[in-house]
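The next block holds one structure in the form of structure tokens; read it before the comments.
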Amino acid sequence: MSEPWIRIRTTRRQRALDLDHDRPAQTQGDAAKTSIGHVRRRILYLVVTLAEIRPWEDNDDPSEFTSLSSDWPHASEHCPGCVAVSPWFWTAHFSAEPAQDRSVRGLLRAARAAFESAYPSRYREVEEHRRQVRRAALEAPVAAKRVQAEAAKWLVRGLAEARKQGFVAKVPREGSRQHFDGPWPYWYGCVEIAQSEAAEPLLAALREAYPARFDAPSGSAYLPPYKDPARYAAALLRAVIAEAIVARRRPTARSRATRPILEELHRAAAQDGQTFASLWLIDDLDLAAVNRQSFDGLTFHAPRELQDQNVVSSLMPEAMWASEPYRMPHADRGGFIYASQGGARGDHWETTKVLNERIGKFALAIRLATGSTGPNRMVWMGEPSWIHVEMPEAHPQVENQILGHWRRVAAVKPEDLSGLVDLVALIGRAQEQSAGKGQKQGTVSAVSIALGRYSRSYAGLIWQDTVLDLATALEACFGPENKEEIGLTLRTRAAHLLGRNDAARADEIYGDLADLYDLRSDLIHGNARFRHTPQELCDARGYAHTFPSDRLGALLDRWRDIVRRAIVARLLLADTRCGEPLWPLRGNQVAVDRCLVRPDKREQWCQRLVDEAAALSLPLLIEPAPPLIDYLHR
Ligand SMILES: [Zn+2]
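Residue numbers (the numbering used here): 2 to 635.
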């Protein structure tokens, strides 16, 4: 059996044969024909399959097996090395004649021989991997192996008790979406069962196997949850029940699905501290081009339709149901950004705060670079493991659940990522706090205030608040030191720097900001009548959206886009990538207006913006955002 003699794709042939095989015989005559056909097929099957399994075609490069981990516990069913022989095994199983050795051992021997003759190099590497796995299992600490044995025994008792108490939900009907991802078993019920005698042997085994983790003296006043072995016993029981609910079957202590959870218990208990994660759902963000890619500590997910729940549940089991409202309207036009961090010893906020800041800055950078219209919708925080000793949290991020129909969806591409990370660094520099003297608190740059107001303009507050936020953000970017003629200064600086020698664009910005400032003054001074109502401003711009809220949204979006470019201009003019900073983030040593009235200086400043945006490879940064798209009529 050195060289296969038929070169056709086996799987397709097999499937055709199997289909034939399943068809019931119609009549007596048919039955006779079928039995003859059956024998013929059987022979053909034997000929086709036995030597024709070539999953790697002619490629015998074993490198894919060389870097496989063999650590204990080993997830064999997910390991490409450990399952490499299985196609031959199943073929041998199906095609073996009754006279042959049909024991598992005999079939395995035949399968290995076929594998070895087809792919000798791969076979050698796989055998080496399996040897390493066996050695790792032999060398695994006895105490840790005892934990697995005790955990399985505890599950038998715990599941029986949980069933008696009614924590195990009925298996939902096939095709029913109702119980897709919950309801989850009652946590305190599981804790109570874990505090009973039934869990004692497991708790003792955990203490013995992982002394550093469970070293806290019993009876101490406060025990962090992850140092309490009873929490792990409860979490294990809960995880097995929950996994069975999602998979729609009866939870058992010794099923194939339970084994990975038992292994996860080892991974969770053996690590130093806890792992926490944070997951954000952001509207109007298309991450399809970077789906499942990781960059700079963040991972991106772009679920296909109706797969959003799966993303949340697979990254952070149970988080979907952590709190109401858990629903995710418009998630079909949203993207997920995820980050996790291990080794946490304290409160989860200490870890998730850092993760949330990292994701938040990246989301802000995306908005600055694209002018996308979507707010942050949800933030989930918790442990990215089925066995979690603390409950996940879910935090809705928008006040207003109803979104506009006119939107701008940002698509992030792989080549944008490094520019976005650079932009995050610029944002971080703007947000740095200056050192305070003595007891005094340090200050932050005005651009940092602008960034905060700009972000808040996405939160779905009432429009008056958004107008004030945008006006404040603009003032923080382009406002003069003294408060004289602030409106005029803002308009002039914005028209110079954002118009960039485009007369029509400069004129537009000038007019838009005049309207924004009038509206802001009317609001803040409580004037009896608006100089121009928002409706009049919309009419003047010829807006004809179906809903008044969309017209207002378009007006606010126009102002927000000017604020976006104002923030970007300040960040880029303070950067050192293309030369000395022209307008530093702090201090007032630059005579801004004096520079802007000189054509040569103005040209230099505007050119700097163009060069910086090109250096970041984010050309949209300094350009007006593309028009909003009407999703109502699409
Ligand atoms: Zn393996």
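We put the CB at the ideal spot given by N, CA and C, even for glycine. Predicted, not measured: the structure shown is a model, and the values here were computed from it.
Closest residue to Leu574 among Thr493, Thr300, Ile563 and Leu586 (Cα-Cα distance): As a first step, residue 574 is located in the sequence shown; it is residue number 573 there, counting from the start. For Leu574, the nearest C-alpha among the options comes from Leu586.
Measure the alpha-carbon distance for Pro25 versus Ala93 and round it to whole angstroms. By 1-based counting over the sequence shown, the position of residue 25 is 24. By 1-based counting over the sequence shown, the position of residue 93 is 92. With a pLDDT of only 43 at Pro25, under 50, the local geometry of the prediction cannot be trusted, and the value read off the model is given with reservation. Between Pro25 and Ala93, the C-alpha separation is close to 25 Å.
What do you get for Phe479, buried or exposed, if any count of 16 or more other CB atoms within 10 angstroms of its CB means buried? If you number the sequence shown from 1, residue 479 lands on position 478. Classification for Phe479: buried.
Among Asp229, Trp606 and Pro627, the one whose alpha carbon lies nearest that of Leu203: Looking up residue 203 in the sequence shown gives position 202. Answer by Cα proximity: Asp229.
Which two residues bound the contiguous alpha helix (DSSP H) that contains Ala245? Position 244 of the sequence shown, counting from 1, holds the residue named residue 245. Per DSSP, Ala245 belongs to the alpha helix (DSSP H) from Pro230 to Ala248.
Could you work out which residue in Ala270, Tyr339 and Thr253 is closest to Leu288 when comparing CA atoms only? The residue given as residue 288 occupies position 287 in the sequence shown. Minimum Cα distance to Leu288 is reached at Tyr339.
How far does the beta strand (DSSP E) with Gln133 in it reach, from first residue to last? For the purposes of this step, residue 133 is taken as residue 132 along the sequence shown, with counting starting at 1. Taken as a continuous stretch (DSSP letters only), Gln133 belongs to no beta strand (DSSP E), being part of the alpha helix (DSSP H) at Pro121 to Glu140.
Span separating the alpha-carbon of Asp23 from that of Phe95: Translated into the one-based positions of the sequence shown, residue 23 becomes position 22. Translated into the one-based positions of the sequence shown, residue 95 becomes position 94. For Asp23, the predicted structure reports a pLDDT of 40, less than 50, and the residue's modelled location is therefore unreliable. The matter cannot be settled from this model.
So the candidates are Phe215, Arg521 and Ser618; which of them puts its Cα closest to the Cα of Gln275? Numbered from its first residue, the sequence shown carries residue 275 at position 274. It is Phe215.
Got a sec? Which residues, its chain only, sit under 8 Å from Ser341 by beta carbon, not counting five neighbours each side? Residue mapping note: residue 341 aligns to position 340 of the sequence shown, counting from 1. Result list for Ser341: Thr276, Phe277, Ala278, Ser279, Leu356 and Pro385, in chain order.
Just jot down, in chain order, the residues whose CB lies closer than 5 Å to any heavy atom of ligand 1. Cys80, Gly82 and Cys83
Secondary structure of Arg24, DSSP reduced to three states: Working through the sequence shown from its first residue, we reach residue 24 at position 23. No answer about Arg24 holds up, because its pLDDT of 42 lies below 50 and its placement is not dependable.
Note down, one range per segment and in chain order, each beta strand (DSSP E) of at least 3 residues found wholly within the stretch 549-597. none
Length of the line joining the Cα atoms of Ala200 and Met382: On the sequence shown, position 199 is the one that residue 200 refers to. On the sequence shown, position 381 is the one that residue 382 refers to. So the alpha carbons of these two residues sit roughly 29 Å apart.
For Arg370, is the classification buried or exposed, using 16 other Cβ atoms within 10 angstroms of its Cβ as the cut-off for buried? In the sequence shown, the residue the question calls residue 370 occupies position 369. The sequence given here places Ala at residue 370; Arg does not occur at that position. It is buried - the Cβ of Ala370 has at least 16 other Cβ atoms within 10 Å.
Measuring alpha carbon to alpha carbon, tell me which of Gln133, Val247 and Ala145 ends up nearest Val172. Position 171 of the sequence shown, counted from the start, is the residue given in the question as residue 172. Of Gln133, Val247 and Ala145, the residue nearest in Cα terms is Val247.
Near Pro582, what residues of its chain come up, given a Cβ to Cβ distance below 8 Å and the 5 sequence neighbours on each side ignored? In the sequence shown, counting from the first residue as 1, residue 582 sits at position 581. Leu574, Ala575 and Asp576, listed in sequence order.
Could you tell me whether the Cβ atoms of Gly495 and Ala395 are closer together than 8 Å? Taking the sequence shown and counting its residues from 1, one reaches residue 495 at position 494. Taking the sequence shown and counting its residues from 1, one reaches residue 395 at position 394. What sits at residue 495 in the sequence shown is Ala, not Gly. Contact flag unset, no.
Let me check understanding here. Comparing Cα to Cα, which of Ile388, Gly336 and Arg158 lies closest to Ala364? Walking along the sequence shown from the start, residue 364 turns up at place 363. That would be Gly336, whose Cα lies nearest to the Cα of Ala364.
Limits of the unbroken alpha helix (DSSP H) element including Gly361: Counted from its first residue, the sequence shown places residue 361 at position 360. Per DSSP, Gly361 belongs to the alpha helix (DSSP H) from His349 to Thr371.
Would you call Leu654 buried or exposed, if buried means 16 or more other Cβ atoms sit within 10 Å of its Cβ? Past the edges of the chain, shown from 2 to 635, lies residue 654, and the structure says nothing about it.
What residues in its chain sit with their C-beta under 7 Å from that of Glu126, if we drop five residues either side in the sequence? Walking along the sequence shown from the start, residue 126 turns up at place 125. The residues are Pro63, Phe66 and Thr67.
At a Cβ threshold of 8 Å, is Leu356 touching chain B? The displayed structure is made up of one protein chain only, and chain B is not part of it.
Could you name the residues of the same chain whose beta carbon sits closer than 7 Å to that of Asp631, not counting the 5 residues immediately before and after it, in chain order? Counting from one through the sequence shown, the residue named residue 631 turns up at place 630. Excluding its 5 nearest sequence neighbours in each direction, Asp631 has C-beta neighbours in its own chain below 7 Å: His406 and Trp407, listed in chain order.
Could you give the DSSP three-state label for Glu394: helix, strand or coil? Along the sequence shown, one-based indexing puts residue 394 at 393. Of the three classes helix, strand and coil, the one that applies to Glu394 here is strand, per DSSP.
Any contact between the stretch 185-198 and the stretch 227-241? By contact I mean 3 or more CB pairs, one from each, below 8 Å. yes
Sort Gln398, Leu427, Val390 and Ile367 by Cα distance to Pro415 and report the nearest one. Start at 1 with the first residue of the sequence shown, and residue 415 comes out as number 414. Checked all of Gln398, Leu427, Val390 and Ile367; the closest Cα to Pro415 is Ile367.
Rounded C-alpha distance that separates Gly527 from Thr534: For the purposes of this step, residue 527 is taken as the residue at position 526 of the sequence shown. For the purposes of this step, residue 534 is taken as the residue at position 533 of the sequence shown. Distance between the alpha carbons of Gly527 and Thr534: 14 Å.
Any contact of the stretch 144-164 with the stretch 76-90, i.e. 3+ C-beta pairs under 8 Å? no
Would the stretch 454-467 count as touching the stretch 559-571 if we require 3 or more Cβ pairs under 8 Å? yes
Can you look up Ile525 in the DSSP assignment and give me helix, strand or coil? In the sequence shown, the residue the question calls residue 525 occupies position 524. In the structure shown, Ile525 sits in a helix (DSSP, three-state: H, G or I).
From Ala602 to Ala541, what does the alpha carbon distance come to, in whole angstroms? By one-based count along the sequence shown, residue 602 stands at place 601. By one-based count along the sequence shown, residue 541 stands at place 540. Strictly speaking, residue 602 in this sequence is Lys, with Ala absent from that position. The alpha-carbon atoms of Lys602 and Ala541 are separated by roughly 35 Å.
Determine the direct distance from the alpha carbon of Gly488 to that of Phe531, and round the result to whole angstroms. If you number the sequence shown from 1, residue 531 lands on position 530. If you number the sequence shown from 1, residue 488 lands on position 487. In a straight line, the C-alpha of Phe531 is about 17 Å away from that of Gly488.
Along the chain, where does the alpha helix (DSSP H) that runs through Ala614 open and close? By 1-based counting over the sequence shown, the position of residue 614 is 613. Counting along the chain, the alpha helix (DSSP H) containing Ala614 begins and ends at Pro600 to Ala616.
Bridge partners for Val380 per DSSP, in chain order? Here the question's residue 380 lines up with position 379 in the sequence shown. DSSP lists Trp281 and His396 as partners of Val380.
Residue burial classification, Tyr211 (beta-carbon count within 10 angstroms, cutoff 16): Position 210 of the sequence shown, counting from 1, holds the residue named residue 211. So Tyr211 ends up on the buried side.
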